[in-house]
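What follows is a short report on a single structure.
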Amino acid sequence: MSSSTASAPGRGGTSPAPSSTPASATAPRAATVKGSRLAFWVFVTPFLVGLVLFTVVPIVWSTGLSFFEARGTLTPTRFVGLGNYTHFLTDDAFTNSLGTFFVYALFIVPVTMAVSLGLAVLVNGLPRFQAFYRSALFLPVACSYVVGSLVWKLALFSGLPSGVANSALGVFGIPPVSWLGSSPYWWIVLISVRLWLQVGFYVVLFLAGLQRIPPVLYEAAMLDGISAGFRRFRYITWPQLRPTVAAVLLLLLVAAFQAFDEFLNLVPTNPSTRPPLVYLYNVALGAQRDFGLGSAGALILTTIMVVVALLQTRFFGFSAAEDRNGTSRRRRGGVQA
Amino acid sequence: MAPTSSRFSRRALLTGLGAGATTLALSACGSNDGGTGGGGNGGTSLSQWYHQYGEDGVQQAVTDWAKNYGAADVRVEWTLGDYASKLSSRLLSGSGVDVFENNGIDPASARKGLYADMSDVMDPIKDQYSEVALKPVTIDGKIWGIPMITDPQLLWYRPSMLEEAGVAVPTTFDELMQAGIELTGGNRKGFFVGNDGGAGVFSQAIAVAAGPELLNDDNTQVTFDTPDVVMGLTALQKAYGAGAMLTGAPTDFWDPTTFNAGLAAITWQGMWALPAMKKALGDDLGVMAVPPVGGSGKQAVLVSQWNEQVAAKASDVEAAKAMAKAQWVDDAEFQKTFAVGFGFHVPPKTATAEATTELQDGLAKQVVDLTNQWGYTAGPYWAPAMGTALTDAATRMLTNGADVASELAAAQKTCQQTLDSLAS
Chain L
239 MSSSTASAPG
249 RGGTSPAPSS
259 TPASATAPRA
269 ATVKGSRLAF
279 WVFVTPFLVG
289 LVLFTVVPIV
299 WSTGLSFFEA
309 RGTLTPTRFV
319 GLGNYTHFLT
329 DDAFTNSLGT
339 FFVYALFIVP
349 VTMAVSLGLA
359 VLVNGLPRFQ
369 AFYRSALFLP
379 VACSYVVGSL
389 VWKLALFSGL
399 PSGVANSALG
409 VFGIPPVSWL
419 GSSPYWWIVL
429 ISVRLWLQVG
439 FYVVLFLAGL
449 QRIPPVLYEA
459 AMLDGISAGF
469 RRFRYITWPQ
479 LRPTVAAVLL
489 LLLVAAFQAF
499 DEFLNLVPTN
509 PSTRPPLVYL
519 YNVALGAQRD
529 FGLGSAGALI
539 LTTIMVVVAL
549 LQTRFFGFSA
559 AEDRNGTSRR
569 RRGGVQA
Chain H
295 MAPTSSRFSR
305 RALLTGLGAG
315 ATTLALSACG
325 SNDGGTGGGG
335 NGGTSLSQWY
345 HQYGEDGVQQ
355 AVTDWAKNYG
365 AADVRVEWTL
375 GDYASKLSSR
385 LLSGSGVDVF
395 ENNGIDPASA
405 RKGLYADMSD
415 VMDPIKDQYS
425 EVALKPVTID
435 GKIWGIPMIT
445 DPQLLWYRPS
455 MLEEAGVAVP
465 TTFDELMQAG
475 IELTGGNRKG
485 FFVGNDGGAG
495 VFSQAIAVAA
505 GPELLNDDNT
515 QVTFDTPDVV
525 MGLTALQKAY
535 GAGAMLTGAP
545 TDFWDPTTFN
555 AGLAAITWQG
565 MWALPAMKKA
575 LGDDLGVMAV
585 PPVGGSGKQA
595 VLVSQWNEQV
605 AAKASDVEAA
615 KAMAKAQWVD
625 DAEFQKTFAV
635 GFGFHVPPKT
645 ATAEATTELQ
655 DGLAKQVVDL
665 TNQWGYTAGP
675 YWAPAMGTAL
685 TDAATRMLTN
695 GADVASELAA
705 AQKTCQQTLD
715 SLAS
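So the sequence lines, in the order shown, correspond to chains L and H. Okay, so the first sequence: first residue is 239 according to the working numbering, each after it adds one. Okay, so the second sequence: first residue is 295 according to the working numbering, each after it adds one.
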């Protein structure tokens, strides 16, 4: 196949000349397509089977379960219609868990965004050792959320006087704090552990975005008298980072919505810090094992997440304004031409 | 040659990948998932599930029993991590588990046919068990498991700390809460009753010690919302607010390390930890039931229990029942060893408990006597969702200062809805 392709006239030449492509090139091309089709199915089939078995079937099954009373069984017989869905309208625990997500997202999203962008700008400006700092910041991403949570719980924010945070407070004569037992201290623990675990990932994303900004823009800015500092960031770096910011914002929102491990390990029984997924875990997979209710809740949460993601993309997403205003893009393209 | 070689390599790679995937798939279909035991006896193979016990020696003891069992090959599955979820998945899939222990027998699973009915084993001998031991295994008039071990949970204290603070052993719940406040000072707290400040254990214990308990006798009404329970929870809220509860310990109340280290004067603990506490504290250890709450209250000891069950879809239900009976009904010596050889538990069979010499004196006897007199278990109709609703309410009372009466009323309403849904 490769030898036929290599012998095709016109390949590798400097003149593409489409009209000069000989008819003989059609045969190897057809062979290539045929071979590609086989290869396509060989490679895709295992993943397709996995996708159908482990994603599509569970979603369809779960949708079915959500209309049944399914305590302790995956093959229920008692149809309850929308009963499982209407349950959530009156379940304070569920609405409170959505409130918990809202409060959590309100803190973790902007804080992670600001810290990771700040660190990325700092690292990007370093004349040397960029790779070292990039790696050092990325290292916690490799750590399990469970392990991170245990370190935070047992060592840093233990409620005992011997905990690191309480020892530090003790130096100033402040009595020990029960970090996970009193509001709002538990938010300090929950926010800081996730910040430590995920900020490196977003630093790398922002670094990639920063390195895509053409240097010529900074040179032009210098000619216009903006050499460095906040104005350069505001008028050049920030607008150029917009697609990266949109992607990071979406990823952070989804990650906040999916918060689970640290909440389950740090504050397993506290209703004031129970996010939606922990609530659903207790309903469907914990001791309650109510698969009908759990499935309905999962579908409601999925719907909420999809709507939020669509709205976010619509209003803050990738060049959203330009996408809506095709004429400006065409006009800009015309000018460039 | 190069293109041919390249094509061959690609095919070889694909063939290898396909063969590897097939091998993996076939091996995944096998039943070898890391169990131990099996003695090569008879033609019947049984898989017996245990959760991971904290005490050394338990796994060896059950594996040895399985090896010596003559009527079937018994394979012990020692399950690490979230036992309830793993067991539930296996029961739902209907394979891989024949005999299993369970501390949360639930009506839905029994009615959906996940458990084998053990009434034929238990009915002839049920008068040999206490009412408290039979309650968790009885649903809809049938018995679904053999009680294995009973775990009384109650209050333990350091007499030296009470004496030093000039505090008498409390005889009412109000005195208990006040004692906790007075015993708090320096790096020591009055209570260690769980990292939730006692919301989990005390919310239920107060309902029992105030008299109404959690459910009525025929399990149709939730009964804990009474003025006395409100009073008890208000006293708990006051003690929490005064900083008398230790929270944020590395492990929860079930691990005696924090109490042994002197970080609290009174703790909530199961009898299983008695050997570890005696070893660390010697004679400086006392035990008491939860004192009465209000004028019509009574003492309370909360009892949890592990039970041996058979899966309805076991490979051989009759063989599995016979094995469960041989181990947990007939083999009294093994039951005694299991109860007191490693940690401390009470054999649920009355005669076996009376014949266990380690439970006949000192603190162990005190606990057994208190349990016989004041032991309480809510039973299988007290569903986990109900426990969560009550604990959530108590947590809000403690950590957010929420109004006790309205939280308790709301919790009772939620619990009643859940109980009604169980009946339908």
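The beta carbon of each residue, even a glycine, is placed where N, CA and C say it ideally should be.
Rounded separation between residue i and residue j - CA only
{"i": "residue 686/H", "j": "residue 511/L", "result": "11 Å"}
{"i": "residue 498/L", "j": "residue 546/H", "result": "20 Å"}
{"i": "residue 532/H", "j": "residue 541/H", "result": "15 Å"}
{"i": "residue 453/L", "j": "residue 496/L", "result": "38 Å"}
{"i": "residue 714/H", "j": "residue 615/H", "result": "32 Å"}
{"i": "residue 693/H", "j": "residue 419/L", "result": "7 Å"}
{"i": "residue 458/L", "j": "residue 475/L", "result": "13 Å"}
{"i": "residue 318/L", "j": "residue 712/H", "result": "16 Å"}
{"i": "residue 333/L", "j": "residue 535/L", "result": "11 Å"}
{"i": "residue 345/L", "j": "residue 407/H", "result": "47 Å"}
{"i": "residue 288/L", "j": "residue 281/L", "result": "12 Å"}
{"i": "residue 702/H", "j": "residue 426/L", "result": "29 Å"}
{"i": "residue 604/H", "j": "residue 697/H", "result": "45 Å"}
{"i": "residue 574/H", "j": "residue 492/H", "result": "24 Å"}
{"i": "residue 286/L", "j": "residue 487/L", "result": "30 Å"}
{"i": "residue 348/L", "j": "residue 354/L", "result": "10 Å"}
{"i": "residue 578/H", "j": "residue 657/H", "result": "11 Å"}
Per-residue contacts from residue i into chain H (C-beta, under 8 Å)
{"i": "residue 509/L", "result": "686, 689, 690"}
{"i": "residue 527/L", "result": "382, 400, 402, 403"}
Opposing strand residues paired with residue i [DSSP bridges]
{"i": "residue 445/H", "result": "598/H"}
{"i": "residue 394/H", "result": "343/H, 603/H"}
{"i": "residue 612/H", "result": "Its beta-bridge partners do not exist; DSSP assigns none."}
{"i": "residue 306/L", "result": "317/L"}
{"i": "residue 469/L", "result": "The partner list for residue 469/L (beta bridge, DSSP) is empty, contrary to what the question assumes."}
{"i": "residue 482/H", "result": "479/H"}
{"i": "residue 372/H", "result": "344/H"}
{"i": "residue 528/L", "result": "309/L"}
{"i": "residue 464/L", "result": "Residue 464/L pairs with nothing; no bridge assigned."}
{"i": "residue 580/H", "result": "451/H"}
C-beta neighbour in chain L for residue i, strict 7 Å
{"i": "residue 542/H", "result": "yes"}
{"i": "residue 641/H", "result": "no"}
{"i": "residue 497/H", "result": "no"}
{"i": "residue 606/H", "result": "no"}
{"i": "residue 705/H", "result": "no"}
{"i": "residue 446/H", "result": "no"}
{"i": "residue 481/H", "result": "yes"}
{"i": "residue 386/H", "result": "yes"}
{"i": "residue 511/H", "result": "no"}
{"i": "residue 558/H", "result": "no"}
Short CB-CB distance (under 7 Å) between residue i and chain H
{"i": "residue 257/L", "result": "Reliability of the predicted coordinates at residue 257/L is poor, the pLDDT of 42 falling under 50, and no value is obtained from them."}
{"i": "residue 336/L", "result": "no"}
{"i": "residue 311/L", "result": "yes"}
{"i": "residue 523/L", "result": "yes"}
{"i": "residue 453/L", "result": "no"}
{"i": "residue 399/L", "result": "yes"}
{"i": "residue 392/L", "result": "yes"}
{"i": "residue 304/L", "result": "no"}
{"i": "residue 274/L", "result": "no"}
{"i": "residue 396/L", "result": "yes"}
Interface residues of chain H facing residue i [CB-CB closer than 7 Å]
{"i": "residue 417/L", "result": "542"}
{"i": "residue 520/L", "result": "682"}
{"i": "residue 420/L", "result": "693"}
Neighbouring residues, chain L, relative to residue i (Cβ below 7 Å)
{"i": "residue 410/H", "result": "Neighbours of residue 410/H on chain L: none; closest Cβ ~15 Å, over 7 Å."}
{"i": "residue 719/H", "result": "Nothing in the structure corresponds to residue 719/H, since chain H is present only between 295 and 718."}
{"i": "residue 406/H", "result": "310, 311"}
Expected contact under 8 Å - CB spacing of residue i and residue j to nearest Å
{"i": "residue 359/L", "j": "residue 368/L", "result": "Residue 359/L to residue 368/L, Cβ: 12 Å. No contact."}
{"i": "residue 310/L", "j": "residue 402/H", "result": "4 Å"}
{"i": "residue 665/H", "j": "residue 586/H", "result": "That belief does not hold up - the Cβ atoms of residue 665/H and residue 586/H are roughly 17 Å apart, past 8 Å."}
{"i": "residue 296/L", "j": "residue 306/L", "result": "Not a contact, Cβ separation roughly 15 Å."}
{"i": "residue 699/H", "j": "residue 683/H", "result": "Not confirmed; about 16 Å, so no contact."}
Contact list for residue i against chain B, beta-carbon separation under 9 Å
{"i": "residue 534/L", "result": "In summary, chain B is missing from the structure at hand, where the protein chains are L and H."}
Interface residues of chain H facing residue i [CB-CB closer than 9 Å]
{"i": "residue 331/L", "result": "682, 683, 686, 708"}
Contact set between residue i and chain L, taken where Cβ atoms lie within less than 8 Å
{"i": "residue 489/H", "result": "397, 418, 419"}
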